[in-house]
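Residue numbers (our numbering), protein chains in the order written: chain B, 16 to 267; chain P, 927 to 1182.
Positions of the beta carbon are idealized from the N, C-alpha and C atoms, including for glycine.
Below is one structure, written out as structure tokens; the observations come after it.
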């Protein structure tokens, strides 16, 4: 299924556009030099190099493990918030307001605060990721909980399903698509945000290595790591979330 | 015949009176149709009978036991709503089996009973289908199977065929009549279609315009000629609709 998805996506017009970009890129690169814009070939060889040396796994794993903790924590807390919102109307209002405030807070605020609080450690990117993805996942989940069909719940009451039966048979299945959607957006955001936070104070991770490459004037490696990021994002998107949502909507 | 369901002076106010006072009884194995103009409180009355919402006045008893809102009573009431209200993520079988869980039916028996009632409503072979994969008529059949599966003391149906096209409606009317004969359940069926009520009901209760009272209670035992009965009921419902819209203001106590 995923294999066919990829083939479908790589249709001819896209390939033509991609080829055009590569050609244009090569021309500009030749004109301005490798420091400003390394050539496509240069970037490709850099990519092969980090794959061969295993460096790609080291930094990707470091970034992903931080994301997993920060984003995973955000998903966990969001589930609790959604549960509270389902049980109590008052809690729902509070969650709404908290989410609104968090949504209005800039990434930079959390980066600076997390450096003050956690110093130059892995907890800085983890905390930043947590704070940024929490409102995204939570607002999706709460929306899901709110959109549970009241008529189905009433049916559950008529047939005397108890709270747990209604929760597992009605609330969970109707909220799952919202959870998946929230996690998909949240994960994308997590990858982008944690990498920024990694610029400060850690010595592993894609963000760190990109910034380091810039400092040692290895511009082609900046492009290589950007490529790694894009690949990580696309792979998780299709493999994890694509599969998940397809499996969940099998009944449609 | 034994009285199954007894409605004693039931009334309901929201902000204004919706149901004035309604009293009638339903015998065991009777098929009673509640008729009346749109918005006269038929659905509200059915919801009170089903213990979904409380009455403002009066009481409802089923086999002598009071029906209380929020299902805080021991009697089994099966409800078929205007919409099928099936869980789209569950197969038809699982939809039916689900409502057997609160009754403490064992898993194997739940499946067996779900299959049996799906078969009864003509859905044999479709047990593993999800609601989204079958037609509206079939979904409503599954909803009927679900209501029957709990082996209810009374089966309440709220315009269950309202969303179906004319052909499916005719088919379902014949089907519900057959199911009623085969199961011997007591049925209260809300409809605004006089033809439908005369086609399937053994007793017809015509409600007046809001706040509703009983305008007429007719035994549909074939003694009265069908076309004349339909004509009479049509005349009645027209009067009530006009009254509801304030076209002709009859005396307030003309109902009953």
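> Helix, strand or coil: which one does DSSP assign to residue 45 of chain B?
Replying inline: As a working mapping, residue 45 of chain B is identified with position 30 in the first chain. In the structure shown, residue 45 of chain B sits in a helix (DSSP, three-state: H, G or I).
>> Rounded to the nearest angstrom, what separates residue 252 of chain B and residue 199 of chain B at their Cα positions?
In response: Translated into the one-based positions of the first chain, residue 252 of chain B becomes position 237. Translated into the one-based positions of the first chain, residue 199 of chain B becomes position 184. In this model, residue 252 of chain B and residue 199 of chain B are separated by some 7 angstroms (Cα to Cα).
> residue 1137 of chain P to residue 1017 of chain P, Cα distance in whole Å?
Replying inline: Sequence index remark: in the second chain, residue 1137 of chain P carries index 211 (1-based). Sequence index remark: in the second chain, residue 1017 of chain P carries index 91 (1-based). Inter-residue distance for residue 1137 of chain P and residue 1017 of chain P is about 41 angstroms (C-alpha atoms, whole angstroms).
> In angstroms, rounded to a whole number, what distance separates the CA positions of residue 150 of chain B and residue 114 of chain B?
Replying inline: Residue numbering aside, residue 150 of chain B sits at position 135 when the first chain is read from its first letter. Residue numbering aside, residue 114 of chain B sits at position 99 when the first chain is read from its first letter. Rounded to the nearest angstrom, the two C-alpha atoms are 5 angstroms apart.
> From P:962, P:937, P:945, pick the residue whose C-alpha is nearest to that of residue 1168 of chain P; which is it?
Replying inline: By 1-based counting over the second chain, the position of residue 1168 of chain P is 242. Of the listed residues, the one whose Cα sits closest to residue 1168 of chain P is P:962.
>> Just to confirm before moving on: does the CB-CB distance between residue 82 of chain B and residue 206 of chain B stay below 8 angstroms?
In response: Mapped onto the first chain, residue 82 of chain B falls at position 67. Mapped onto the first chain, residue 206 of chain B falls at position 191. Residue 82 of chain B is a Cβ neighbour of residue 206 of chain B, given a cutoff of 8 angstroms.
>> What does DSSP give as the partner residue(s) for residue 923 of chain P in the beta ladder?
In response: For residue 923 of chain P there is no data in the structure shown, the boundaries of chain P being 927 and 1182.
> Which chain P residues are close to residue 235 of chain B, counting only those with a beta carbon under 8 angstroms from its beta carbon?
Replying inline: Within the first chain, numbered from 1, the residue matching residue 235 of chain B stands at position 220. Those do not exist, as residue 235 of chain B stays about 50 angstroms from chain P at its closest Cβ, beyond 8 angstroms.
>> I'd like the list of long-range same chain contacts for residue 1080 of chain P, defined as Cβ closer than 7 angstroms, with 5 residues on each side in sequence excluded.
In response: Working through the second chain from its first residue, we reach residue 1080 of chain P at position 154. 930, 931, 988, 1003, 1112, 1114.
>> Tell me which residue opens and which closes the beta strand (DSSP E) that residue 983 of chain P is part of.
In response: In the second chain, the residue the question calls residue 983 of chain P occupies position 57. Note, residue 983 of chain P: beta strand (DSSP E), 983 to 988.
>> Can you find the residues in the same chain that come closer than 7 angstroms, C-beta to C-beta, to residue 1073 of chain P, ignoring five residues on each side of it along the sequence?
In response: One-based indexing of the second chain puts residue 1073 of chain P at position 147. Counting only Cβ-Cβ distances below 7 angstroms, and skipping sequence neighbours, we find 1004, 1005, 1006, 1081.
> Of all the CB atoms in chain B, is at least one closer than 8 angstroms to the CB of residue 1025 of chain P?
Replying inline: Taking the second chain and counting its residues from 1, one reaches residue 1025 of chain P at position 99. Yes, because at least one Cβ of chain B sits closer than 8 angstroms to the Cβ of residue 1025 of chain P.
> Which two residues bound the contiguous alpha helix (DSSP H) that contains residue 228 of chain B?
Replying inline: On the first chain, position 213 is the one that residue 228 of chain B refers to. Counting along the chain, the alpha helix (DSSP H) containing residue 228 of chain B begins and ends at 221 to 230.
> Where residue 1176 of chain P and residue 1139 of chain P are concerned, what is the direct C-alpha to C-alpha distance, given to the nearest angstrom?
Replying inline: Numbered from 1 along the second chain, position 250 holds the residue referred to as residue 1176 of chain P. Numbered from 1 along the second chain, position 213 holds the residue referred to as residue 1139 of chain P. Annotation note: pLDDT 49 at residue 1176 of chain P (below 50); position unreliable, coordinate value reported separately. If you draw a straight line from the Cα of residue 1176 of chain P to the Cα of residue 1139 of chain P, it comes to about 14 angstroms.
> What is the rounded straight-line gap between the Cα of residue 248 of chain B and the Cα of residue 193 of chain B?
Replying inline: Counted from its first residue, the first chain places residue 248 of chain B at position 233. Counted from its first residue, the first chain places residue 193 of chain B at position 178. Rounded to the nearest angstrom, the two C-alpha atoms are 20 angstroms apart.
>> Which same chain residues end up closer than 7 angstroms to residue 1055 of chain P when comparing Cβ atoms and leaving out the 5 residues on each side of it in sequence?
In response: One-based indexing of the second chain puts residue 1055 of chain P at position 129. Only 1017, 1018 meet the Cβ criterion.
> Can the beta-carbon of residue 1116 of chain P be found less than 8 angstroms from the beta-carbon of residue 941 of chain P?
Replying inline: For the purposes of this step, residue 1116 of chain P is taken as residue 190 along the second chain, with counting starting at 1. For the purposes of this step, residue 941 of chain P is taken as residue 15 along the second chain, with counting starting at 1. The answer is no: Cβ separation not under 8 angstroms.
>> Given this structure, state the Cα-to-Cα distance separating residue 66 of chain B from residue 92 of chain B, to the nearest angstrom.
In response: The residue you call residue 66 of chain B lines up with position 51 of the first chain. The residue you call residue 92 of chain B lines up with position 77 of the first chain. If I take the Cα positions, the gap works out to 36 angstroms.
> Which runs of the alpha helix (DSSP H) spanning at least 4 residues fall entirely within the segment 1050 to 1138 of chain P, listed in chain order?
Replying inline: DSSP assignment within the segment 1050 to 1138 of chain P yields the following whole alpha helix (DSSP H) runs of 4 residues or more, N-terminal first: 1062 to 1075, 1092 to 1109, 1120 to 1126.
> What is the residue span of the beta strand (DSSP E) that residue 1014 of chain P lies within?
Replying inline: Reading the second chain from its first residue, position 88 is the one you call residue 1014 of chain P. Premise fails: residue 1014 of chain P is in no beta strand (DSSP E) and is neither H nor E.
>> Using the Cβ count rule (16 or more neighbours within 10 Å means buried), how would you classify residue 1043 of chain P?
In response: Here residue 1043 of chain P refers to the residue found at position 117 of the second chain. Result: buried.
> Does any residue of chain P bring its CB to less than 8 angstroms from the CB of residue 156 of chain B?
Replying inline: Start at 1 with the first residue of the first chain, and residue 156 of chain B comes out as number 141. Judged by the 8 angstroms Cβ criterion, residue 156 of chain B is not in contact with chain P.
>> Using the Cβ count rule (16 or more neighbours within 10 Å means buried), how would you classify residue 939 of chain P?
In response: Residue mapping note: residue 939 of chain P aligns to position 13 of the second chain, counting from 1. Counting Cβ neighbours within 10 Å, residue 939 of chain P comes out exposed, since fewer than 16 surround it.
> Closest by CA to residue 1058 of chain P, which one among P:1011, P:1029, P:1101?
Replying inline: Taking the first residue of the second chain as 1, we reach residue 1058 of chain P at position 132. Here the closest residue by C-alpha is P:1011.
> Do residue 186 of chain B and residue 163 of chain B have their C-beta atoms within less than 8 angstroms of each other?
Replying inline: Here residue 186 of chain B refers to the residue found at position 171 of the first chain. Here residue 163 of chain B refers to the residue found at position 148 of the first chain. Taking 8 angstroms as the Cβ cut-off, residue 186 of chain B and residue 163 of chain B qualify as a contacting pair.
>> By the three-class DSSP mapping on this structure, what secondary structure does residue 1178 of chain P have?
In response: Reading the second chain from its first residue, position 252 is the one you call residue 1178 of chain P. Caution is warranted here: a pLDDT of 49 is assigned to residue 1178 of chain P, below 50, making its placement in the model unreliable, and the coordinate value is therefore given only provisionally. DSSP, read as helix, strand or coil, puts residue 1178 of chain P in coil.
>> So the candidates are P:1027, P:1118, P:1122, P:1083; which of them puts its Cα closest to the Cα of residue 975 of chain P?
In response: Residue 975 of chain P sits at position 49 when you count from the first residue of the second chain. Measuring from the Cα of residue 975 of chain P, the nearest candidate turns out to be P:1083.
> Span of the alpha helix (DSSP H) holding residue 1161 of chain P?
Replying inline: Residue mapping note: residue 1161 of chain P aligns to position 235 of the second chain, counting from 1. Residue 1161 of chain P -> alpha helix (DSSP H) spans 1152 to 1170.
> Assuming residue 1077 of chain P and residue 1118 of chain P make a contact with CB atoms under 8 angstroms, what is their CB distance in whole Å?
Replying inline: Residue mapping note: residue 1077 of chain P aligns to position 151 of the second chain, counting from 1. Residue mapping note: residue 1118 of chain P aligns to position 192 of the second chain, counting from 1. About 29 angstroms; that fails the 8 angstroms criterion.
> Tell me which same chain residues have a C-beta within less than 8 angstroms of the C-beta of residue 136 of chain B, skipping the five on either side of it?
Replying inline: As a first step, residue 136 of chain B is located in the first chain; it is residue number 121 there, counting from the start. Around residue 136 of chain B: 216, 217.
>> Checking the sheet assignment: what are the DSSP bridge partners for residue 939 of chain P?
In response: Along the second chain, read from residue 1 onward, the residue named residue 939 of chain P stands at position 13. Within the DSSP bridge table, the entry for residue 939 of chain P names P:943 as partners.
> Going by DSSP, which residues form a beta bridge with residue 932 of chain P?
Replying inline: For the purposes of this step, residue 932 of chain P is taken as residue 6 along the second chain, with counting starting at 1. Answer by DSSP bridge pairing, in chain order: P:951, P:987.
> Out of B:255, B:245, B:239, B:267, which has the shortest C-alpha to C-alpha gap to residue 269 of chain B?
Replying inline: Outside the shown range of chain B (16 to 267) lies residue 269 of chain B, about which nothing can therefore be said.
>> Below 9 angstroms on C-beta distance, what does residue 185 of chain B contact in chain P?
In response: Counting from one through the first chain, the residue named residue 185 of chain B turns up at place 170. Proximity of chain P to residue 185 of chain B at the Cβ level (cut-off 9 angstroms) is accounted for by 1013, in chain order.
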